[in-house]
Structures are given as structure tokens and as C-alpha cells.
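Heads up: the sequence lines are chains B and E, in that order.
The working numbering applies: residue 2 is where the first sequence begins, and numbers increase by one.
The working numbering applies: residue 4 is where the second sequence begins, and numbers increase by one.
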Amino acid sequence: MSGLTELAFAYVILIGIIGGYVWNLFSKLDDIESRIDAVENYLSKKKSEDE
Amino acid sequence: MPDYKPISLVLILLGLFGSSISILLGFIWVPGIDPESVQQGSAESYRILFWHVSFAWCSFLAFLMLFVGSVLWYLKNDEFGWRLFSTGSDMGLLFGFGVITSGPIWGSVAWGKPWDWGDLRLNSFALLTAVAIFLVLSRKSQPDTTQTRDTLSIIGLFGFFLVPITAVATTLYNRRHPPIIIIEGEDTGLPDEWLMVLIFSFVSFGLMFIGISLLNDMVNQLESKTEKYQRIIDRGED
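Okay, here's the thing in C-alpha cells:
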């Protein structure tokens, strides 16, 4: 491989690492937020049933 | 808890845009290296420096964050310290991984082999990244208790002692990795264009670093909130 190809290859991998990591963080955040909403709904429902 | 999602997205996009511009400038504006001055391989491969060095500097920032967090948690059991610790270890892993990915690709062109097991800089940095992997995996797999946090913060402190060793490795024990070239000296220093693009790249990486840190912190805080809810539900069902 020529130096330029190696260089382009390296940059693509690095952009992929950052992009993948950020994508993963955003989807994780959405997942946790929806789980928290579900738990909070469950807890408030349970509380009102107990009352 | 404030919602950092929009601001972190803006910072990450700005950072990615700036760092992509730095690649472009590195290809079209920065003068090339005299091919005869390169020991082995292609002179073009040196242009990886604009990202490799920015990744490395940001990883040191992450390890500094990890160190401050470890000290704050270990001495004061400070919750903000633990947040710094958690974000610092995540960021240390991400940026450390960037360094050890870009380095060997360049090394395979410049040195004819991707890794040198006898080079102090390479191996101490790999160990530092391994510490970050260990901390991230342990944090995720162990129950979030004071004892776990105490143990992990001690390992975080140990990890930080590798930072000065890594930083001075190329000055005290130079084998493969190029020495510190940014400081102007007899054998060191960079042409103005290289320096400007490098600084521009680092500033862009800095924006990205802040954006990803905010996002990571949000995820970590929400994860501990989920764990707290889990404990409440478990207690309620017992």
C-alpha cells in the first residue's frame, strides 16, 4: 500500500471510531431515557394504587 | 438534570467539521516532507500527525480528568469526583484507542512494522489504555458500591502515574517514536503551516472532547439513576 492509501485508511478508521462511539452514546441515552420513563410511570401508578 | 444533548451534538459536529478541515488542510495546504529525509516508507504518512497528536493530547486531558476524579472520590467520597472519574475513564479509552489505532498504521509505513515492543512510549501508552479498558469494564460489571468506587479510584491513581512516564519517554528513552517535535529546538520544531493546522486540529478535537464528555456524563448519571430505581423496585417486591 502507498503512504497515501495508508493515510486515507487510517483517517477512515478514526472517523469510524468516533462516529460509532457517538452514535452508540446517543442510542444508549435514548434507551435509558425510555427505561426511566417506564419505571417512573410504574412507580407513580403503584403509589396511586397504594393510596 | 440539565439536558446536554443539543449542546453536545453541536459541539461534536463542530469538532468533527473542524477536524475534517484539518485533514483537508493537511493534504492541500501543508508542505510535504522531503522524501529523502524519511528513513523508511512514504513521506505522506507523516500527515497522520494532525489527528494522532490531537488524539494523544485529548487522551492526556482525559487521564487528567480521571486523576482529579480519583483523588476527589478517594479523599472526600465526592459525587462530582466520581462523575469525573467515570467520564475520564470513558474518554481515556476512546481517545487512547484512537492513538493506538492511528499510530501503528503510520508506524507500518514509517518503520516498516506497526509496533515496537521495545519502545517505552508505545508500551507505556498501551498500558495506560489497558488501564482505561479495565476501569470501564469493571465499572460496568461491578455493583456501584462505595467499596467498588474506592478500589477503582486507586487503580485510576496508578494509571495516572503512567502519564508523565509516557510524556517523557521520547526524551529520556528514544527508540522508535519520534521525539517531541512541537517545541522549537536544534533538531526539533515544525514549519508554521504544520503548527497552525496541528493547533486548529487540537482546538477542533477539544470541542469534540467537551461534547462527548457531556454526553458520557449524562449517560453515566442516568445509568446510576436506573440502578437506584432498580433497587427501589427490588425492595418493593421483596
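For each residue, glycine too, the CB sits at the ideal point set by N, CA and C.
_Using a Cβ distance threshold of 8 Å, determine whether the segment 64-76 of chain E contacts the segment 159-173 of chain E, with at least three qualifying pairs required._
Contact between the segment 64-76 of chain E and the segment 159-173 of chain E is present, because at least three Cβ pairs lie under 8 Å.
*For my contact list, Leu3 of chain E and Ile33 of chain B are in at a C-beta cut-off of 8 Å; report their separation, rounded to the angstrom.*
Outside the displayed range of chain E (4 to 241) lies residue 3 of chain E, so it cannot be described from this structure.
*Pull up the CB-CB distance for Gly21 of chain E and Val206 of chain E, whole angstroms please, since I reckon it's below 8 Å.*
Confirmed, Cβ separation roughly 7 Å.
*asked:* In this structure, how does DSSP classify Thr148 of chain E when only helix, strand and coil are distinguished?
replied: Under the three-state reduction of DSSP, Thr148 of chain E is assigned to coil, being neither helix nor strand.
*asked:* Please list, in chain order, the residues of the segment 212-231 of chain E that have any C-beta partner in chain B closer than 9 Å.
replied: For chain B, the residues of the segment 212-231 of chain E that bring a beta carbon within less than 9 Å of one of its beta carbons are Gly214, Ile215, Leu218, Asn219, Met221, Val222, Leu225, Glu226, Lys228, Thr229, in chain order.
_Collapsed DSSP secondary structure at Asn80 of chain E in the structure displayed_ = DSSP places Asn80 of chain E outside both helix and strand once states are collapsed to three, so it counts as coil.
*Which term fits Asn42 of chain B, buried or exposed, when burial requires 16 or more other beta carbons within 10 angstroms of its beta carbon?*
By the 10 Å Cβ count, Asn42 of chain B comes out exposed.
*Straight-line Cα distance separating Phe53 of chain E from Ile26 of chain E*: Ile26 of chain E and Phe53 of chain E: Cα-Cα distance of roughly 7 Å.
_Contact set between Glu52 of chain B and chain E, taken where Cβ atoms lie within less than 9 Å_ = Under the 9 Å cutoff, chain E gives no residues; its nearest Cβ is about 15 Å from Glu52 of chain B.
*Is DSSP giving Phe33 of chain E helix, strand or coil here?*
The sequence shown places Val at residue 33 of chain E, not Phe. Coil at Val33 of chain E, not helix or strand.
*So, are the CB atoms of Val222 of chain E and Lys29 of chain B less than 8 Å apart?*
Taking 8 Å as the Cβ cut-off, Val222 of chain E and Lys29 of chain B qualify as a contacting pair.
_Interface partners of Lys8 of chain E on chain B, CB under 9 Å_ = Residues of chain B whose Cβ lies closer than 9 Å to the Cβ of Lys8 of chain E are, in chain order, Phe27, Leu30.
_Partners in chain E for Val13 of chain B, counting only beta-carbon separations shorter than 9 Å_ = Residues of chain E whose Cβ lies closer than 9 Å to the Cβ of Val13 of chain B do not exist, since the nearest Cβ in that chain is about 10 Å away.
_List, in chain order, every chain B residue whose beta-carbon is nearer than 9 Å to that of Ser105 of chain E._
Neighbourhood of Ser105 of chain E in chain B, by CB distance below 9 Å: Ala11, Tyr12, Ile14, Leu15, in chain order.
_Reduced DSSP secondary structure (H/G/I, E/B, other) of Asp38 of chain B_ = Under the three-state reduction of DSSP, Asp38 of chain B is assigned to helix.
*Using a Cβ cut-off of 9 Å, which residues of the segment 51-83 of chain E contact any Cβ in chain B, in chain order?*
Hits within the stretch, in order: Ile51, Trp54, His55, Phe58.
*Buried or exposed: which applies to Ile31 of chain E, given that a residue is buried once 16 or more other Cβ atoms fall within 10 Å of its Cβ?*
Its Cβ having fewer than 16 others within 10 Å, Ile31 of chain E is exposed.
_Reference Pro117 of chain E, options E:Thr104, E:Lys143, E:Leu123, closest by Cα_ = Here the closest residue by C-alpha is E:Thr104.
*When you compare each of E:Gln150, E:Arg234, E:Phe208, E:Val102 to Leu130 of chain E by their alpha carbons, which one comes out closest?*
Checking every option, the nearest Cα to that of Leu130 of chain E belongs to E:Val102.
*Determine the burial state of Gly115 of chain E: buried for a count of at least 16 other Cβ atoms within 10 Å of its Cβ, exposed for fewer.*
By the 10 Å Cβ count, Gly115 of chain E comes out exposed.
*Closest to Ile10 of chain E by CA distance: which of E:Ile215, E:Gly239, E:Lys228, E:Gln233 is it?*
Out of E:Ile215, E:Gly239, E:Lys228, E:Gln233, E:Ile215 has the C-alpha closest to the C-alpha of Ile10 of chain E.
*Measuring only between beta-carbons, confirm whether Gly101 of chain E sits less than 8 Å from chain B.*
At least one chain B Cβ lies under 8 Å of Gly101 of chain E.
_Beta-carbon proximity check, Ser137 of chain E vs Ile168 of chain E, cutoff 8 Å_ = Correcting the residue identity first, residue 137 of chain E is Phe in this sequence and not Ser. Not a contact, by the Cβ cut-off of 8 Å.
_Against Ile26 of chain E, what residues of chain B qualify as contacts under a CB-to-CB distance less than 7 Å, listed in chain order?_
Neighbours of Ile26 of chain E on chain B, chain order: Tyr12.
*Does the distance from the C-beta atom of Cys61 of chain E to that of Phe212 of chain E stay below 8 Å?*
A Cβ-Cβ contact shorter than 8 Å links Cys61 of chain E with Phe212 of chain E.
*Near Leu217 of chain E, what residues of its chain come up, given a Cβ to Cβ distance below 8 Å and the 5 sequence neighbours on each side ignored?*
The beta carbon of Leu217 of chain E sits closer than 8 Å to those of Tyr7, Ile10, Ser11, Leu14, all from its chain and outside the five residues before and after it, given in chain order.
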